[in-house]
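All residue numbers in the sequence shown are consecutive under this note's numbering, ending with 382. Yeah, the Cβ is synthetic: ideal placement off N, Cα and C, and Gly gets one too. Computed from a prediction, not measured in an experiment: that's the story for all the values here.
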Amino acid sequence: MNTFDSLLKIYDVIRPVLDVAILTFLLYKAYTLMTRTNALQIVKAALIVALAYAVVVILNLDTMLWIFSILAPGLLMAFAIVFQPELRKMLLKLGQAEWFAFGSRSKHTYVDSVLIAAEMLSKQKRGMLAVFMRHTKLDNIIETGTKLNADLSSSLLVTIFGHDTPLHDGACFIQGGKLVAAGCFLPLSEQYDIKKTFGTRHRAALGLSEVTDSVVLVVSEESGAISLAYDSKLHYDLTMEQLTRILEAQLDITPDEQKIEDTVDEHKAIS
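Here is the structure:
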């Protein structure tokens with residue numbers, strides 16, 4: 112009985128800490144989910160409506176309270192319809208989220224091939240779209256292009272995007288060191304505040320990052336700028352060092368796996 116009482120006392124001490132820890136974890140996950148989508152728009156709209164209702168209650172405006180009670184169901188439906196794209200993206204991100212990602216993942220060592228091709232195409236002012244697939248299945252988008260299942264190489268990417276071939280206008284999909292498909296059509300972004308200077312490639316790269324967990328590399332045909340789109344955000348005109356660092360972080364690649372010798376040899380082979 113004494114042992115049981117001791118355990119209860121220990122639990123009473125641990126319980127508040129456990130309660131706060133779980134709440135903090137859930138709030139952190141909710142915050143990261145909102146920042147990776149356009150959910151902040153939903154939060155802002157909800158806060159405006161809640162603030163208006165609070166003012167009406169505090170001032171005891173009977174007519175406005177009656178109007179709010181009548182319009183509440185309609186507002187709820189309108190809210191769901193207007194913010195349907197954002198709600199859908201939140202649910203997609205929630206399904207893709209790895210809540211306890213502590214295990215080791217497979218490493219990818221093919222980034223150098225893509226970056227070499229991107230750098231060469233950038234100098235030639237040739238556009239490029241390369242999708243690094245992660246966890247979300249993209250079969251419906253891959254089917255819009257031509258399946259290749261070829262070994263990935265810089266030469267192959269330059270051949271596809273460096274010349275006016277039937278595949279150069281679409282996106283290529285990369286997974287496990289394989290070029291899965293090319294000439295695929297991506298969904299365009301639904302964001303309304305995209306810079307007007309961004310072309311279709313940038314809108315397509317951002318659009319795919321809004322509905323999947325893929326990382327999309329895009330080379331501008333106009334400026335030659337190399338950018339990355341992921342987590343519903345476009346990171347424009349990055350340096351090769353920034354590209355390598357971000358891709359290593361997003362695809363779980365360690366710096367030791369980036370072989371300088373392979374990069375030099377492959378670059379010579381293309382030259």
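Could you name the residues that DSSP lists as bridge partners for residue i?
i, result
"residue 229", "None, per the DSSP bridge assignment."
"residue 257", "293"
"residue 338", "329"
"residue 286", "289"
"residue 262", "289"
Take residue i as the anchor and find which of the options has the nearest alpha-carbon.
i, options, result
"residue 225", "174, 330 and 360", "330"
"residue 362", "222, 163, 183 and 344", "222"
"residue 323", "306, 162 and 343", "343"
"residue 335", "351, 320 and 325", "351"
"residue 282", "293, 174, 267 and 124", "293"
"residue 251", "261, 298 and 114", "298"
"residue 302", "317, 162 and 249", "317"
"residue 258", "289, 138 and 192", "289"
Which residues mark the beginning and the end of the beta strand (DSSP E) in which residue i is found?
i, result
"residue 345", "344-346"
"residue 239", "239-243"
Return the chain-ordered list of same chain residues with a C-beta closer than 7 Å to the C-beta of residue i, the five sequence neighbours on each side being excluded.
i, result
"residue 269", "228, 231, 232 and 381"
"residue 212", "Caution is warranted here: a pLDDT of 47 is assigned to residue 212, below 50, making its placement in the model unreliable, and the coordinate value is therefore given only provisionally. Cβ within range, chain order: n/a, list empty."
"residue 235", "273"
"residue 300", "314, 317, 318 and 321"
"residue 180", "none"
"residue 215", "Low confidence applies to residue 215: its pLDDT is 36, below 50, so where it sits in the model is not reliable, and the reading given next is rough at best. Closer than 7 Å at the Cβ level, and outside the excluded window around residue 215, lies no residue."
Quick one: Cα of residue i to Cα of residue j, how far?
i, j, result
"residue 296", "residue 255", "6 Å"
"residue 287", "residue 243", "9 Å"
"residue 364", "residue 346", "Only weak support is given to the placement of residue 364: the predicted model assigns it a pLDDT of 48, under 50, and the value that follows is read from those uncertain coordinates. Straight-line Cα distance between these residues: approximately 19 Å."
"residue 309", "residue 261", "31 Å"
"residue 164", "residue 177", "11 Å"
"residue 114", "residue 121", "11 Å"
"residue 366", "residue 359", "In this predicted model, residue 366 has a pLDDT of only 43, less than 50, meaning its place in the structure is not dependable; the value taken from the coordinates is given anyway. One C-alpha to the other measures close to 7 Å."
"residue 166", "residue 159", "11 Å"
"residue 124", "residue 284", "52 Å"
"residue 117", "residue 131", "22 Å"
"residue 314", "residue 338", "12 Å"
"residue 356", "residue 349", "10 Å"
"residue 354", "residue 333", "19 Å"
"residue 173", "residue 188", "24 Å"
"residue 219", "residue 312", "Reliability fails at residue 219, whose pLDDT of 48 lies under 50, so the model's placement of it is uncertain and the value that follows must be treated cautiously. So the alpha carbons of these two residues sit roughly 25 Å apart."
"residue 134", "residue 276", "54 Å"
"residue 155", "residue 119", "43 Å"
"residue 182", "residue 253", "44 Å"
"residue 157", "residue 306", "27 Å"
"residue 138", "residue 129", "14 Å"
"residue 170", "residue 161", "14 Å"
"residue 136", "residue 192", "30 Å"
Can you list, in chain order, the residues of its chain with a C-beta nearer than 6 Å to that of residue i? Leave out the 5 residues immediately preceding and following it.
i, result
"residue 272", "232, 237, 239 and 279"
"residue 184", "none"
"residue 249", "none"
Would you verify that the beta carbon of residue i is, or is not, closer than 7 Å to some beta carbon of chain C?
i, result
"residue 254", "Reference to chain C is not applicable here, since this structure consists of a single protein chain."
In the DSSP assignment, find the alpha helix (DSSP H) that holds residue i and state where it starts and stops.
i, result
"residue 353", "351-361"
"residue 279", "Premise fails: residue 279 is in no alpha helix (DSSP H) and is neither H nor E."
"residue 320", "311-322"
Between residue i and the rest of its own chain, which residues show a CB-CB distance below 8 Å, the 5 nearest in sequence each way excluded?
i, result
"residue 320", "326, 327, 340, 341, 342, 343, 344 and 345"
"residue 175", "167"
"residue 126", "none"
"residue 414", "No answer is possible for residue 414: the residues shown for the chain start at 112 and end at 382."
"residue 186", "160"
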